[in-house]
Amino acid sequence: MEGSAIRLHGLRKEFGDTTAVAGVDLEISDGEFFSMLGPSGSGKTTVLRMIAGFESPTSGTIRLAGQEVTGLAPFERDVHTVFQDYALFPHMTVEQNVAYGLKVRKVPKAERLQRAREALADVRLEGFGKRRPGQLSGGQRQRVALARALVGRPRLLLLDEPLGALDLKLREQMQVELKALQREVGITFVFVTHDQDEALTMSDRIAVFNQGRIEQVGTPAEIYERPATAFVASFVGTSNLLRGEAAEQVTGTAGTYSIRPEKIRVLKESAIADEPEHSTATGTVAEVVYVGDVTRFLVDLDAGGRLTALQQNLETSSEDVAAYRGARVRLQWHRRHAVQVPADR
Ligand code: ATP
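If you count by the numbering used here, then the sequence shown holds residues 31 to 375, one letter each, in order.
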């Protein structure tokens with residue numbers, strides 16, 4: 031059993047009459063890549079800032095590696111925070127930036143330089159030590175910020191939307207690198223993001239935040255395949271809920287169901303649907319969007335409501351796709367892919 035890196039108990043934070051964090055209990059294990067995911071304003075940054083010690087909780091406790099740190103200053107905690115804006119010193123070289131924290135801690139110069147070079151090698155920036163931050167690309171600056179965090183060998187690294195300023199391609203590349211780096215150094219990473227793909231790509235586990243609370247904690251597959259609430263189902267992945275009368279007509283049982291678009295097959299209306307393990311619903315294609323590798327169908331069900339279905343374009347071309355608009359279709363999915371979630375609060 032791995033040790034506990036972070037344990038939050040009854041954590042609350044109020045700013046005047048705004049409740050930013052409304053009671054969070056969470057345990058993160060040593061060596062985990064853990065993401066806090068949620069829309070803007072859901073409280074994830076405030077939780078991160080309380081773990082770092084930049085904000086103090088209104089109530090509740092924070093333990094790091096078993097030790098209570100709730101009242102301690104940031105520098106008394108064995109953590110390092112990487113911010114979205116990198117916060118590098120522009121007048122220092124890359125090497126000096128990376129070694130700065132060691133200098134503050136009075137590590138001798140030779141060791142400082144040695145460790146700064148190792149940290150730069152970890153983030154694949156050998157040979158960039160003498161440059162200044164202004165002479166680097168956005169992705170390289172982000173790597174310097176990471177090297178600066180790693181050089182002090184903290185037990186815990188907190189990352190606040192660190193890839194937010196990068197363009198999509200670079201962002202995706204950095205996601206893969208960051209995950210590989212984390213595996214290599216074995217440090218616990220707590221990563222704040224509002225980007226569901228990013229969280230799904232990198233994390234061992236994810237906490238989904240909504241209005242200052244955690245709605246679900248789980249592995250990417252658990253969060254995606256078995257969303258615990260309607261909010262999680264629609265925030266992570268495309269919102270595809272079958273509810274009310276329509277749900278009852280189609281599935282035979284009342285309730286709210288989340289069905290992932292890629293689990294739904296689009297068939298001809300006349301297709302025979304007699305497999306007991308499948309649910310099926312007829313409808314009219316309201317919109318069809320060709321997205322290169324896939325086609326997205328928005329289908330208005332005869333039973334009421336609208337579902338999105340995604341089909342891979344194995345043989346379909348953009349011309350074929352256009353012909354679908356207004357067409358009558360039958361949607362079909364395996365019953366186990368309709369996940370019941372509690373109705374919205
Ligand atoms: P984002 O992704 O936009 O940063 P977030 O999920 O990280 O959002 P928080 O920054 O934690 O959300 O903010 C949660 C709530 O607390 C918001 O309503 C925000 O306006 C409020 N809040 C955060 N910091 C302060 C502050 N210093 N003073 C007053 N209100 C604050």
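Yeah, the Cβ is synthetic: ideal placement off N, Cα and C, and Gly gets one too.
Just checking my contact of residue i with residue j at CB under 8 Å: how many whole Å lie between their CB atoms?
i	j	result
ALA12	THR286	Absent from the structure is residue 12, since the part of the chain shown begins at 31 and ends at 375.
GLY194	GLN226	Not a contact, Cβ separation roughly 14 Å.
SER309	ARG235	Actually they do not touch by this definition, with Cβ atoms about 30 Å apart.
ASP332	THR312	5 Å
LEU186	LEU337	With 8 Å as the limit, LEU186 and LEU337 do not qualify as a contact, their Cβ atoms being about 42 Å apart.
GLU12	ALA35	Here the chain covers residues 31 to 375 and nothing more, so residue 12 does not appear.
THR218	GLY61	6 Å
LYS293	ARG360	15 Å between Cβ atoms; not a contact.
LEU272	ILE289	6 Å
LYS74	PHE265	12 Å between Cβ atoms; not a contact.
Pick from the options: whose alpha carbon is nearest that of residue i?
i	options	result
ALA210	ARG154, VAL359, LEU102, THR88	ARG154
THR223	VAL134, VAL112, ARG295	VAL112
VAL28	PRO138, VAL296, ARG365	Since the displayed the chain opens at 31 and closes at 375, residue 28 lies outside it and no answer follows.
ALA229	LYS139, THR249, GLY216, ASN240	THR249
GLN170	ARG142, LEU143, GLU207	GLU207
THR214	ASP152, VAL247, GLU156, PHE261	Correcting the residue identity first, residue 214 is Glu in this sequence and not Thr. Among ASP152, VAL247, GLU156, PHE261, the Cα nearest to that of GLU214 belongs to ASP152.
VAL315	GLY322, LEU94, PRO306, PHE327	PHE327
THR48	ILE36, SER300, THR88	THR88
HIS121	GLU156, GLU305, LEU344, ARG162	ARG162
VAL181	GLY168, VAL137, GLY164, SER264	VAL137
ALA103	ALA82, ILE36, TYR116, THR123	ALA82
ASN343	TYR320, GLY356, GLY334, GLY335	TYR320
VAL262	SER72, ALA149, GLN362	SER72
LEU56	GLU255, GLN246, PRO306, GLY168	GLN246
ASN270	GLU125, GLU141, LEU340	LEU340
Give me whichever residues DSSP pairs with residue i in a beta bridge.
i	result
HIS39	THR91
PHE239	ILE244
ILE289	ALA368
THR312	ARG360
PHE45	THR48
GLU317	LEU328
LEU271	SER288
SER34	SER59
LEU189	VAL112, PHE221
Tell me which residue opens and which closes the beta strand (DSSP E) that residue i is part of.
i	result
GLN246	243-248
ALA263	Looking at the DSSP string, ALA263 is not in any beta strand (DSSP E); the run it does join, the alpha helix (DSSP H), is 260-265.
GLY53	48-59
LEU331	324-331
SER195	Before going further, note that residue 195 is Ala rather than Ser in the sequence given. It is not in any beta strand (DSSP E) - ALA195 carries neither H nor E in the DSSP assignment.
GLN279	Run containing GLN279: none in the beta strand (DSSP E); it sits in the alpha helix (DSSP H), 274-281.
ALA339	336-342
LEU297	295-298
VAL220	218-223
Note the first and the last residue of the continuous alpha helix (DSSP H) segment covering residue i.
i	result
ARG19	One cannot answer for residue 19 here, as it falls past the ends of the chain, which runs 31 to 375.
ASP227	226-232
ASP350	348-352
Is residue i close to chain C, meaning its C-beta is less than 8 Å from at least one C-beta of that chain?
i	result
ARG178	The structure shown contains no chain C; it holds only a single protein chain.
| field | Runs of alpha helix (DSSP H) lying entirely within the region 62-141, each at least 4 residues, in chain order | value | 74-82, 124-134
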